[in-house]
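What follows is one structure encoded as structure tokens, with my remarks underneath.
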């Protein structure tokens, strides 16, 4: 499930012992602007059975409401509904698990697991929904039940095995980890950032960043080429006009800066148009995102949500616009220099 | 060849040589030109195509350099100037009227004129006032907001004349100003240039092989093979063929047409008497 919390940290015991008083930790999380949401979970391995079919699963119990602040799992509902809070015996299964045991919505399904004291117990749950998260490994093993039902079933009182936090931003992750390490040191808690929980995701994101940088460089190179091409064609077409301007007294330095300003104006106008259209698209897609489920197989090794939510921030917009403006100035240098080399008498003869 | 008295000369050209090169082939354009133009003159450079008229105008106008010689315009030796100095010299001393009008196509007639004023450092308001004044001087005040492609050839050339004079230049150089105009429009333009010469005392040096332009000249300089071949002489200012009607725009249409046809008939009869005109004359 860690693929859902790239901006968060997971807090759990280093031993098999569970967190007996999660309320003390929850108090630390409240009213912190660096934290977008948190949830408590119980995780354990188990077995799911329906009729003669059974499959090994990872049982995950969570607070149904709090979970929606931390992950987008609820958006992956393929059939049925999300978990009801309280002690209801609702069960959600990953789509592959459900298919493997032939389960349908409303079926009575037996879950078997081990209590913290080692005792094996089983309980009947009702299948309320089927989840397709887009990550085959999770869809193959997930059994999701309400936290309160699990605490009652495992006789754990208010204990949990994990507290999962979603930070409001990537940048806050390291600071939060450091803060909790200081505040909870000596209590036997282990505070892990998402990078620690799944180094592969970290590697993949680094790869993704590098790949993104290459794409941006290619785009910048294309923009440069396009500006250079446009300016050179314009220069050719305007040779006579520039010749007239020089003939009647425009200095070459004025021509040079005029063409540079034109290159910048070209980018500013293009940028305004691009950001306008792009901003509207982002606005339109910000709710549903761009659904790449059709290519789900391509993402299965990367734990990547096939629904991509576009985001336009002032920071990235300014950075990209600044880069292209510098690129435009560079691309405009050559045509501007060429313009200053125009032979007046020759250019006046052109039509 | 008569050596000009330079005391009142605004243009003095001495032993001017200019050669174009096509690959390794030299094409001499000016072969030791000597001439002098006085202030306020309305001089015409005549000669066949390739005689060096345009090259001489370009060199005098600091648009082109020369290989050898001396060109003193308004007391300054322009051949010794660098590029920026020549640009500033053109801006403050010379107005150009070109054969193909050469207005900036993206600017209106008014903006074309105001642009040169702004280059001289005037602010926008002042430049526009001057542009309006000169547009009315050339009878184009009502068309100032049109772009060049929305004007006829004659109208464009009037705007070009206004642009050339807007910066109050010492000299106006006009290269074949009537070549792209029909006869009547060309005559009207020459009439306008003469009026401006009379009114403001600006020196005009015009290259042309148009007989109407030659007739309008106060001095005629004939070039052939890059040299001045005819002793220049002050010819009495001959009014242009339609000078009685100048400005022609003030005449009723019927009278204008009558004059135009009369002139045309005169020219035809002269041609008939001479017989067929040789191709290269």
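Protein chains in written order, with the working numbering: chain B, 1 to 351; chain U, 352 to 632. Beta carbons are placed, not taken as given, at the ideal position from N, Cα and C, and that holds for glycine. Remember, it's a predicted structure, so these values are computed and weren't measured experimentally.
With a 10 Å radius around its C-beta and 16 neighbouring C-beta atoms as the bar for buried, classify residue i as buried or exposed.
i	result
residue 550/U	exposed
residue 203/B	exposed
residue 221/B	exposed
residue 466/U	buried
residue 353/B	A query on residue 353/B cannot be resolved here, the shown segment of chain B reaching from 1 to 351 and no further.
residue 176/B	buried
residue 397/U	buried
residue 315/B	exposed
residue 240/B	buried
residue 404/U	buried
residue 347/B	buried
residue 330/B	exposed
residue 343/B	exposed
residue 269/B	exposed
residue 377/U	exposed
residue 436/U	exposed
residue 108/B	exposed
residue 102/B	exposed
residue 520/U	buried
residue 48/B	buried
residue 558/U	buried
residue 104/B	exposed
residue 244/B	buried
Cα-Cα, which of the options is closest to residue i?
i	options	result
residue 313/B	56/B, 275/B, 82/B and 68/B	275/B
residue 87/B	310/B, 55/B and 154/B	154/B
residue 156/B	307/B, 44/B, 193/B and 131/B	44/B
residue 472/U	249/B, 209/B and 338/B	249/B
residue 236/B	281/B, 132/B and 336/B	336/B
residue 231/B	209/B, 217/B and 260/B	260/B
residue 194/B	132/B, 172/B, 308/B and 234/B	172/B
residue 393/U	492/U, 554/U and 528/U	554/U
residue 115/B	266/B, 218/B, 27/B and 18/B	18/B
residue 278/B	266/B, 310/B, 291/B and 247/B	310/B
residue 272/B	283/B, 251/B and 318/B	318/B
residue 443/U	453/U, 375/U and 516/U	516/U
residue 332/B	256/B, 212/B, 321/B and 47/B	256/B
residue 431/U	518/U, 526/U, 416/U and 488/U	416/U
residue 328/B	262/B, 283/B and 338/B	262/B
residue 424/U	434/U, 440/U and 488/U	440/U
residue 578/U	370/U, 381/U and 371/U	381/U
residue 180/B	242/B, 55/B, 79/B and 29/B	29/B
residue 542/U	560/U, 572/U and 505/U	505/U
residue 395/U	532/U, 564/U, 461/U and 468/U	564/U
residue 54/B	293/B, 78/B, 112/B and 290/B	112/B
For the putative contact between residue i and residue j, defined by C-beta atoms under 8 Å, what is the C-beta separation to the nearest angstrom?
i	j	result
residue 362/U	residue 387/U	7 Å
residue 128/B	residue 184/B	About 35 Å; that fails the 8 Å criterion.
residue 407/U	residue 574/U	7 Å
residue 422/U	residue 364/U	5 Å
residue 41/B	residue 164/B	6 Å
residue 64/B	residue 82/B	6 Å
residue 68/B	residue 144/B	At roughly 12 Å, the Cβ-Cβ gap does not stay under 8 Å, so residue 68/B and residue 144/B are not in contact.
residue 522/U	residue 445/U	5 Å
residue 34/B	residue 135/B	Not confirmed; about 27 Å, so no contact.
residue 513/U	residue 488/U	7 Å
residue 468/U	residue 459/U	Rounded, the Cβ-Cβ distance is 14 Å, inconsistent with contact.
Does residue i come within less than 8 Å of chain A when only Cβ atoms are used?
i	result
residue 320/B	Among the protein chains in the structure shown, which are B and U, there is no chain A.
Scan the stretch 97-157 of chain B and note each continuous beta strand (DSSP E) run of 3 residues or more that stays entirely inside, going in chain order. 108-114, 120-131 and 142-146
Along the stretch 401-425 of chain U, where does the CB come closer than 7 Å to a CB of chain B? Name the residues. If the cut-off is 7 Å between Cβ atoms, the stretch 401-425 of chain U has 409, 414 and 415 near chain B.
At a Cβ cut of 8 Å, what residues of the stretch 226-241 of chain B count as close to chain U, listed as they run along the chain? For the stretch 226-241 of chain B, which is checked against every Cβ of chain U, the residues closer than 8 Å are 240 and 241.
Runs of alpha helix (DSSP H) lying entirely within the stretch 16-64 of chain B, each at least 4 residues, in chain order: 22-29
With 7 Å as the limit, tell me which residues of the stretch 254-265 of chain B have their beta carbon closer than that to any beta carbon of chain U; keep them in chain order. none
Beta carbons nearer than 7 Å to chain B: which residues of the stretch 459-470 of chain U have them? 467 and 470
Could you run through the stretch 440-457 of chain U and flag, in chain order, every residue whose CB is less than 7 Å away from some CB of chain B? Answer in chain order: 441, 442, 447, 449, 453, 455 and 456.
Which full runs of the beta strand (DSSP E) of 3+ residues lie inside the stretch 438-512 of chain U, going along the chain? Look at the stretch 438-512 of chain U and you find these whole runs of beta strand (DSSP E), each 3 residues long or longer: 445-448.
If you measure beta-carbon to beta-carbon, which residues of the stretch 519-538 of chain U are closer than 8 Å to chain B? none
Return the residues of the stretch 336-351 of chain B that lie within a Cβ-Cβ distance of less than 7 Å from chain U, sorted by chain order. Of all residues in the stretch 336-351 of chain B, those with a C-beta nearer than 7 Å to a C-beta of chain U are 344, 345 and 348, reading in chain order.
Short-range partners of chain B found in the stretch 548-578 of chain U, where Cβ spacing is below 8 Å: none
Give, in chain order, every residue of the stretch 177-204 of chain B whose Cβ lies closer than 9 Å to some Cβ of chain U. none
Alpha helix (DSSP H) runs contained entirely in the stretch 179-228 of chain B, provided each spans 4 or more residues: 194-197
In chain order, which continuous runs of the alpha helix (DSSP H) of length 4 or greater are located wholly inside the stretch 541-570 of chain U? 562-567
Within 8 Å of chain U by C-beta, residues of the stretch 165-177 of chain B in sequence order: none
Residues of the stretch 57-83 of chain B whose Cβ lies closer than 7 Å to any Cβ of chain U, in chain order: Answer in chain order: no residues at all.
What residues in the stretch 360-382 of chain U bring their beta carbon closer than 7 Å to a beta carbon of chain B? none
When you check each C-beta in the stretch 488-509 of chain U against every C-beta of chain B, which residues fall closer than 7 Å? none
Beta strand (DSSP E) segments (min. 3 residues) lying fully within the stretch 385-438 of chain U: 393-397 and 419-424
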